[in-house]
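For the protein sequence lines, the chains are R and D, in the order given. No gaps in the numbering here: position 29 of the first sequence is 352 in our numbering, and each next residue is one more. No gaps in the numbering here: position 107 of the second sequence is 299 in our numbering, and each next residue is one more. Step one of this worksheet: look at the structure below.
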Amino acid sequence: QKEVEQNSGPLSVPEGAIASLNCTYSDRGSQSFFWYRQYSGKSPELIMFIYSNGDKEDGRFTAQLNKASQYVSLLIRDSQPSDSATYLCAVSEEGGSQGNLIFGKGTKLSVKP
Amino acid sequence: GAVVSQHPSRVICKSGTSVKIECRSLDFQATTMFWYRQFPKKSLMLMATSNEGSKATYEQGVEKDKFLINHASLTLSTLTVTSAHPEDSSFYICSARPSWGLAGSYEQYFGPGTRLTVT
């Protein structure tokens with residue numbers, strides 16, 4: 324069974340610090356990787372995607388992908404209290420025709436002022 | 193861009209009645225739409241995948257006769273919860289995959305969700 328694993332947290336960091344969120348996946352064939360942010364009581368919001376090995380930066384966010392290790396991470400620099408949310412890692416399920424994503428259970432991030 | 197709406201945002205219904213939830217992609221066409229359910233403090237659970245003009249594909253354990261899905265156009269999918277019971281109370285969220293896609297066409301954009309309470 325294809326799985327996406329995330330530490331459930333909570334991960335607590337002080338304001339201004341770097342938050343590091345990690346994700347591993349089981350399907351070696353996966354090609355596309357996504358990070359979603361979900362505030363309590365709200366639906367997920369796409370914040371980044373990556374599909375090549377290495378780093379991809381967007382503002383305070385950096386996604387890192389290592390396909391050989393089947394590992395993807397999200398770094399949040401200069402963390403703000405407004406970044407406090409659950410972060411979902413999602414991985415493409417290749418081979419099907421539906422374009423499904425496999426979601427991790429999420430890591431809860433708490434940024435303390 | 194890539195905005196998905198859902199209606200209603202919140203609904204309360206009596207046990208035994210049916211509820212219809214609409215999901216619309218507002219500024220893009222979506223060949224595929226997904227329906228998820230999320231219980232409080234739990235992870236997203238995919239219920240079904242719908243493609244425009246064809247029957248939905250349901251995940252194991254999801255009753256297709258209870259959760260009716262219709263994807264009549266490239267911008268609209270509906271989920272009808274039939275004969276709802278209190279255990280169906282949950283947060284229902286749809287997502288849409290753009291036809292044009294970016295990262296291998298797998299990205300999904302979520303609607304704001306519908307909170308269903310069955311009394």
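Virtual Cβ for every residue (Gly too), placed ideally from N, Cα, C.
In its own chain, which residues sit with a C-beta less than 6 Å from the C-beta of residue i, not counting the 5 before and 5 after it?
i, result
"Asp280/D", "Val273 and Val310"
"Glu326/R", "Ser349"
"Ser269/D", "Cys215, Met225, Ser242 and His263"
"Thr385/R", "Asp378 and Leu398"
"Pro333/R", "Lys431 and Ser433"
What are the boundary residues of the beta strand (DSSP E) that includes residue i?
i, result
"His277/D", "His277/D -> no beta strand (DSSP E), and no H or E assigned at all."
"Arg351/R", "Taken as a continuous stretch (DSSP letters only), Arg351/R belongs to no beta strand (DSSP E), as it is neither H nor E."
"Val203/D", "Arg202 to Cys205"
"Gln230/D", "Ala222 to Gln230"
"Leu388/R", "Phe384 to Asn389"
"Lys269/R", "There is no way to answer for residue 269/R, as the model of chain R reaches only from 324 to 436."
"Thr311/D", "Segment: none, Thr311/D is in no beta strand (DSSP E) and carries neither H nor E."
"Asn363/R", "At residue 363/R the sequence reads Ser, which differs from the Asn that was named. Unbroken run through Ser363/R: none, as it is neither H nor E."
On the DSSP bridge assignment, give the partners of residue i in chain order.
i, result
"Leu344/R", "Leu397/R"
"Ile425/R", "Val414/R"
"Val211/D", "Val273/D"
Looking only at its own chain, which residues have a Cβ that is under 8 Å from the Cβ of residue i, when we skip the five neighbours before and after it?
i, result
"Leu218/D", "Val195, Val196, Ser197 and Thr267"
"Tyr298/D", "Arg289"
"Pro367/R", "Tyr359, Arg360, Gln361 and Leu411"
How big is the Cα-Cα spacing for residue i and residue j?
i, j, result
"Asp381/R", "Leu397/R", "11 Å"
"Ala295/D", "Thr249/D", "Unreliable placement is indicated for Ala295/D, whose pLDDT of 46 sits below 50; the coordinate value is still reported in the next sentence. The straight-line gap from Cα to Cα measures roughly 23 Å."
"Met237/D", "Phe372/R", "21 Å"
"Gln387/R", "Ser343/R", "10 Å"
"Val414/R", "Ala276/D", "32 Å"
"Ser246/D", "Leu260/D", "13 Å"
"Tyr394/R", "Lys206/D", "46 Å"
"Lys390/R", "Arg351/R", "8 Å"
"Lys365/R", "Pro304/D", "7 Å"
"Gln252/D", "Ile213/D", "21 Å"
Residues in the same chain with beta-carbon distance under 7 Å from residue i, minus the five sequence neighbours each way, listed in chain order, please.
i, result
"Phe231/D", "Ser282"
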